[in-house]
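Protein chains in written order, with this note's numbering: chain H, 602 to 919; chain C, 10 to 299.
Beta carbons: idealized from backbone N, C-alpha and C, even for Gly.
Computed from a prediction, not measured in an experiment: that's the story for all the values here.
Below is one structure, written out as structure tokens; the observations come after it.
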Amino acid sequence: MLLGLQVGSFESDFKVVSEALFNYNSNDTTHFAIMHLRLPRLLLALVVGASLAFAGYLMQAMVNNGLADPYLLGTASGASLGAVIVFFGFVDMVIAGIYMPPVFALFGAFIVTLAAVALGYRKRQLIPSQLILAGIALSSLTTAILGLLTFLSDSEGKLKSVIFWSMGSFERASWDMLPYPAVAVSMALLFFVFYQKQLNILLLGADRAQALGVKVARTRWVILLTVSLVTGFAVASSGSIGFVGLIIPHVTRELMGSTGRWNLLFCAFIGGFFMLLCDLLSRLIYPPAGLPIGIITSFFGVPFFVYLLVRKSYNFKD
Amino acid sequence: MPLCLLLALFSCNPNEKSTEKGIIILKDDLGRTLTLKRKPERVLPLATSMTEMLYAVCDTASIVGRTPNCDYPATVLSKPVVNNYPVDYEAILRLKPDLVFTTEGITPLEVAVRLEELGIPVYYQKYGSVEDVFRGLEDIGKIMNRSQQAKYLTDSLRQQVTKIKERHAGTTKLQTVLAITWKDPIYVYGQNTIFTDKLKILGSQNVVKQVYDQPYPALTRESILQLDPDIFIGGTPEELEKEFFTMYPELRKIKAYRTKRMYDPTGNLMERPGPRVVESLLELEKFLYP
């Protein structure tokens, strides 16, 4: 965290960072950069990492499948499409003083997720396999629309916006934006710490969970709502970042066991910490702008995950 | 006599050789060797800036088409349109050009390879300075047998540049300028662009001094805060307030914002290296010395 606060265009050692934190001088531009650019960026990375890992954990429990991730219902591609619609000039960039891409990203995420849910809802029940298929189909459709818009783009700048959005970046982080994803993930985490038992029983399969007294249908709705909300805010603030939501839940189970009591908190913590590290690496490798964060998460995450797989034969429901 | 003149003209161009059978061998700015069966009479530009270059030097009848974005000079609008992204090979073949002109970074090399397989050589130009643009005009003149016209033009343009340079020769405190090409993410005119040379001619400097691999690098808000430019080019103060500083309120600390020195350049003049480079210099001069 401290190292993250030291890396940037302005020269700043540990002393300058501690001065900025504890003895802030508003006329000092280095202090300003540390407090208004670097700190919100670090916190956003933490929050988004935690959100995606946590949402991934929930999603895998809900559909009882280790290949699920928070983007399974088309949330990420919906968000990308929403943002890109603004970048491509279909909507004003700023309306009533509010920067529109994150707002439309949030709308896009919710609309596509809702559509997937509507398609996966049969006989007053959410059917996971239908939900997954609906999510995949809608993701493909939104990706195709995104591809069409990109192809028809008349400027290189627009393409750059799409690239940064689809691979994720924390460069837009600010104190104004941070509370939305932060409050969403904190509330959800708090709720699920008390709800974790039902989650673990759900891993036994819907029938057995029902027999053990878990209201499966209701639990699935609660998970779905939480995942959509948490992922929607995460994607709207930093674009879609792959890998974290899929792999970190597995890392958690590998380290803490499948039904550990503190799994959710640990998963969110590891996700946040991993994202923080990736952001730092991206800025160190390619200063000053940093590489798109999605590239780093895969580059550094996959070898670690392979190591975990090889070291010990790991199974989803062990 | 005309043949002698032709040979004399060929000999002016160090990048051009004529063989006994009338085959012409050219070397373009990327160092690629091109073989032409005869002196080109039908040419096609695949970049908007190249259209302006060709119109300034060539007989307009020899220009057989344009790209969808070519809009200057106005007469170009009557030419057949050829898609350059993605490249419409059939449309190019139908126009039967002897030579395609383009600029580095606009047409991918694999497109040139494919066109050459189809029998149409592609000549690339690249420009790092205002002088490179003038040299480019002269090269086109030599290739198209219009050296005299090109020379008249470049002499006049060079004179105007010299006059502009003289006006700012004694400037001691160089103003620093940041010009953006895109707002989200923030992409800027880097050190290795013609823009840097234009600023040098105008007695000022590009605030981006670090040389990046890309001509238009992406910058963070923090790096812009650190660069703290005197002048910001990328839109009118009102537009920038609405579309840039609302998004990045932290950047309101830069000097250009505080002193309201923000300007909106004519897009085509800033972006297109071509014969209007002097017009672009004069526009920038108004921004720098209001």
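- For Thr743/H, the enclosing alpha helix (DSSP H) covers residues Pro729 to Leu753.
- Note: Arg51/C is not bridge-paired with any residue in the DSSP secondary-structure output.
- At a cut-off of 8 Å between beta carbons, Tyr196/C contacts chain H.
- Note that the C-beta distance between Pro194/C and Glu620/H is not below 8 Å.
- Under the three-state reduction of DSSP, Asn154/C is assigned to coil, being neither helix nor strand.
- The DSSP assignment places 118-126 as complete runs of the alpha helix (DSSP H) inside the segment 99-133 of chain C, in order along the chain (cut-off: 4 residues).
- Note that the segment 884-902 of chain H touches the segment 829-843 of chain H; at least 3 beta-carbon pairs, one per stretch, sit closer than 8 Å.
- Here the alpha carbons of Leu236/C and Thr268/C stand approximately 16 Å from one another.
- Contact between Thr630/H and Gly679/H is ruled out by a C-beta separation of about 39 Å, above the 8 Å threshold.
- At the C-beta level, Ser652/H and Val794/H stay beyond 8 Å of one another.
- Residues Thr111, Thr112 and Ile115 of the same chain have their beta carbon placed closer than 6 Å to that of Ala56/C, with the five preceding and five following residues left out of the count.
- Take Glu147/C, set aside five residues on each side of it, and the residues of its chain with a beta-carbon closer than 8 Å to its own are Ser156, Ala159, Lys160 and Thr163, in chain order.
- Neighbours of Tyr700/H across chain C, judged by C-beta separation under 7 Å: Thr255 and Met256.
- Excluding residues up to 5 positions away in sequence, Leu604, Gly605 and Val608 lie with their Cβ nearer than 7 Å to the Cβ of Leu881/H in the same chain.
- In the DSSP assignment, Ile189/C falls within the unbroken beta strand (DSSP E) covering Gln184 to Trp191.
- At a cut-off of 8 Å between beta-carbon atoms, Gln235/C makes contact with chain H.
- At least one C-beta of chain H is nearer than 8 Å to the C-beta of Glu252/C.
- Secondary structure of Arg723/H (DSSP, three-state): strand.
- Judged by DSSP in its simplified three-state form, Val91/C adopts coil rather than helix or strand.
- Residues of chain H with a Cβ closer than 9 Å to the Cβ of Lys262/C are, in chain order, Thr630 and Phe633.
- A buried status is given to Asp670/H, since no fewer than 16 other beta-carbon atoms sit within 10 Å of its beta-carbon.
- When Cβ-Cβ separations below 8 Å define contact, Phe655/H makes no contact with chain C.
- Taking one beta carbon from each stretch, the segment 718-727 of chain H and the segment 813-828 of chain H have 3 or more pairs nearer than 8 Å; the two touch.
- Ranking Phe204/C, Glu126/C and Leu118/C by CA distance to the CA of Pro224/C puts Phe204/C first.
- Minimum Cα-Cα distance from Met271/C among the listed residues Asn277/C, Leu278/C and Ile263/C corresponds to Ile263/C.
- Contact between the segment 287-299 of chain C and the segment 165-174 of chain C is present: 3 or more CB-CB pairs across the two stretches fall below 8 Å.
- Rounded to the nearest whole angstrom, the C-alpha separation of Asn864/H and Val687/H is 38 Å.
- Secondary structure note for Phe870/H: its alpha helix (DSSP H) is the uninterrupted segment Asn864 to Ile886.
- Shortest Cα-Cα distance from Ser787/H to any of Gly873/H, Asn626/H, Ile635/H and Arg884/H involves Gly873/H.
- Boundaries of the beta strand (DSSP E) harbouring Gln214/C: Ser213 to Asn215, taken from the DSSP string.
- For Leu291/C, the uninterrupted alpha helix (DSSP H) segment begins and ends at Val286 to Leu297.
- The alpha carbon of Ala810/H has as its nearest neighbour, out of Asn665/H, Leu749/H, Leu779/H and Arg642/H, the alpha carbon of Asn665/H.
- Annotated three-state conformation of Lys46/C is coil, per DSSP.
- In the structure shown, Arg773/H falls within a coil segment according to DSSP collapsed to helix, strand and coil.
- Collapsing the DSSP output to three states places Met602/H in coil.
- Under the Cβ criterion of 8 Å, Phe689/H is not counted among the residues facing chain C.
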